[in-house]
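The next block holds one structure in the form of C-alpha cells; read it before the comments.
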Amino acid sequence: MKDMDVNSEWLIEDAACPMCGGTEAGETPYSQPPFKVKRCKSCTLNFLSPRLAAEEANRFYQSDTYFSGGDGVSGYDDYAVQEQSLRATFRKLLDTIEAQCATGGSLLEVGCGPGYLLDEARDQFDTLSGVELSASAAKSARQRTSARIYLSIDEIEDAPAFDCIVATHVIEHIYEPVAFVESLAKRLKPGGSVILAAPHMGSIFRRIMGRHWPSFKYPEHVSFFDEKTLPDLFRRAGLDVVERVPYPHVFPLSLVLAKFGLRGPRWTDRINVTLPATTISFRAQHRSNG
Ligand SMILES: [Zn+2]
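Numbering (the numbering used here), first residue to last: 20 to 309.
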C-alpha cells in the first residue's frame with residue numbers, strides 16, 4: 020500500500036454516518052491517522068471519521084492529475100496502464116447486465132473516467148452519456164466515444180431519461196450517498212435499472228488483508244459497503260434491489276503483486292488475473308406500486 024503524505028493544511032472533519040446520519044459509531048481496527056474507519060451502530064455502515072472536509076475532497080476529483088496520479092496522493096498510479104484490464108472488467112460487467120436484460124436504450128455512466136466502459140458499451144446501447152468531474156478525463160472520454168459527457172450530474176435535466184445508469188467505484192467516494200442515489204433515481208425511466216458497484220467490505224480479501232486491504236484508500240474512500248448496506252442505500256433512496264450483479268474484476272498480475280508488497284517482473288503487467296469477489300454490485304429499479 021502506498022504511504023500517504025498527510026498534508027497539514029487539509030481541513031479535517033468528524034462525520035456522522037453518511038447513510039443514516041447516526042452519531043453513535045464504534046471503532047474498527049482500521050485507520051491511518053488522522054483518518055479512522057468507524058462502524059455505525061444504527062445502520063452498520065463502515066465510514067471514515069475523521070475525514071477530509073467535503074470541499075477538500077472535491078478538489079481531488081476535479082484536478083487534472085487525478086487519473087494520472089500526478090499529486091502522489093490521490094487517484095491512480097497510472098490509469099492508462101490498467102486500460103486493458105479495466106476494459107476486460109467492463110466487458111464482463113456489460114455482458115452480465117445484458118444477461119440480466121438491462122441493456123438497450125440509453126446508458127448513463129456516472130464517474131466515467133476516460134470512457135472505457137462507455138466505449139465497450141457502444142454495441143449494447145443506442146445512446147451513451149457520461150458524467151466525469153475531471154475535465155481532462157472528460158475530454159478523453161469525449162475523444163474516445165461518441166458519448167455526451169457532463170462535468171456534473173446537475174448539468175443533466177432532472178427528468179427520467181435513462182434506461183440504465185451505472186456507477187462503478189463511485190459511491191464509496193460520495194459524502195451524501197442517499198442524495199446521490201436519489202439524483203440517479205430521478206433521471207431513471209420507469210422499468211430502467213441503476214447499477215452500483217463498490218469495494219466489498221465483506222469480501223474474503225478484506226478479511227485476509229485486514230488493514231492492508233487496498234480499498235481502505237485514505238482519504239478518498241469515505242464509505243465501505245457490503246451485502247447489507249448497499250441494498251439498504253438503494254432502499255433509502257426509494258429504489259428496490261432486483262438482484263445482485265456478479266462483478267469479477269480483472270487486474271494486471273503486477274498490480275495484484277504490488278498490493279501484497281511484491282514487485283513483479285515486467286511481463287506481469289501483461290498477465291490478467293480475474294478476482295471474483297473484490298467488488299459488490301446490485302441492480303435496482305423504481306419501487307413498483309402495491
Ligand atoms: Zn448509519
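C-beta: ideal position from N, C-alpha, C; glycine also.
As the structure is a prediction and not an experimental result, all values here were calculated from the model.
Residue i classed as buried or exposed, judged by whether at least 16 other C-beta atoms fall within 10 angstroms
{"i": "Ser-300", "result": "buried"}
{"i": "Gly-211", "result": "buried"}
{"i": "Leu-249", "result": "buried"}
{"i": "Phe-279", "result": "exposed"}
{"i": "Gly-91", "result": "Its pLDDT being 43, under 50, Gly-91 is placed unreliably in this model, and the value from its coordinates should be taken loosely. With fewer than 16 Cβ atoms within 10 Å of its Cβ, Gly-91 is classed as exposed."}
{"i": "Glu-74", "result": "exposed"}
{"i": "Arg-226", "result": "exposed"}
{"i": "Trp-286", "result": "exposed"}
{"i": "Arg-302", "result": "buried"}
{"i": "Ala-156", "result": "buried"}
{"i": "Asp-173", "result": "exposed"}
{"i": "Ser-61", "result": "exposed"}
{"i": "Glu-102", "result": "exposed"}
{"i": "Ala-178", "result": "exposed"}
{"i": "Thr-298", "result": "buried"}
{"i": "Ser-104", "result": "buried"}
{"i": "Lys-247", "result": "exposed"}
{"i": "Glu-128", "result": "buried"}
{"i": "Val-223", "result": "At residue 223 the sequence reads Ile, which differs from the Val that was named. Counting Cβ neighbours within 10 Å, Ile-223 comes out exposed, since fewer than 16 surround it."}
{"i": "Pro-53", "result": "exposed"}
{"i": "Pro-233", "result": "buried"}
{"i": "Asn-65", "result": "buried"}
Helix, strand or coil at residue i according to DSSP, with G and I counted as helix
{"i": "Leu-170", "result": "coil"}
{"i": "Gln-103", "result": "helix"}
{"i": "Tyr-237", "result": "coil"}
{"i": "Gln-119", "result": "coil"}
{"i": "Ala-296", "result": "coil"}
{"i": "Thr-42", "result": "coil"}
{"i": "Arg-282", "result": "coil"}
{"i": "Gly-88", "result": "Residue confidence is low: Gly-88 scores 49 on pLDDT, short of 50, so the model does not pin down where it sits. Its coordinate-derived value is still stated next. Three-state result, Gly-88: coil."}
{"i": "Ser-93", "result": "At Ser-93, the pLDDT of 45 sits below 50, so the modelled position is not reliable; the number obtained from the coordinates is stated separately. DSSP places Ser-93 in coil when its eight states are reduced to three."}
{"i": "Phe-66", "result": "strand"}
{"i": "Val-264", "result": "coil"}
{"i": "Glu-246", "result": "coil"}
{"i": "Arg-302", "result": "strand"}
{"i": "Leu-30", "result": "coil"}
{"i": "Ala-216", "result": "strand"}
{"i": "Ser-273", "result": "helix"}
{"i": "Gly-229", "result": "helix"}
{"i": "Lys-57", "result": "strand"}
- [ ] Please list, in chain order, all residues with a C-beta atom less than 6 Å from at least one heavy atom of ligand 1.
- [x] Proximity to ligand 1 was defined by a C-beta distance below 6 Å to any of its heavy atoms, and the residues meeting it, in sequence along the chain, are Cys-36, Met-38, Cys-39, Gly-41, Cys-59, Ser-61, Cys-62 and Leu-64.
Task: Stretch pair the segment 143-162 + the segment 251-262: three plus CB contacts closer than 8 Å - done: The segment 143-162, when compared against the segment 251-262, does not touch it at the 8 Å Cβ threshold.
TODO: Count the C-beta pairs between the segment 126-136 and the segment 156-168 that are closer than 8 Å, then say yes if the count reaches three, no if not.
DONE: Two segments are said to touch when three or more pairs of C-beta atoms, one from each, lie closer than 8 Å; by this definition the segment 126-136 touches the segment 156-168.
TODO: Determine, using beta-carbon pairs with one atom in the segment 200-216 and one in the segment 172-190, whether at least three such pairs fall under 8 Å.
DONE: At 8 Å Cβ cutoff, the stretches touch.
Task: Length at least 3, wholly inside the segment 131-204: the beta strand (DSSP E) runs in chain order - done: Counting only runs of 3 or more, we get 146-150, 167-169 and 181-187.
TODO: Assess, as a yes-or-no matter, whether the segment 164-180 is touched by the segment 214-222 under the definition of 3 or more beta carbon pairs within less than 8 Å.
DONE: Taking a cut-off of 8 Å for Cβ pairs, the segment 214-222 and the segment 164-180 do not touch, as fewer than three such pairs fall below it.
Open item on the list: Whether or not the segment 290-298 and the segment 265-273 are in contact is what I'm after, with contact meaning three or more pairs of Cβ atoms, one per stretch, closer than 8 Å; do they touch?
Closed with: Taking 8 Å as the limit for Cβ pairs, the verdict is that the segment 290-298 does touch the segment 265-273.
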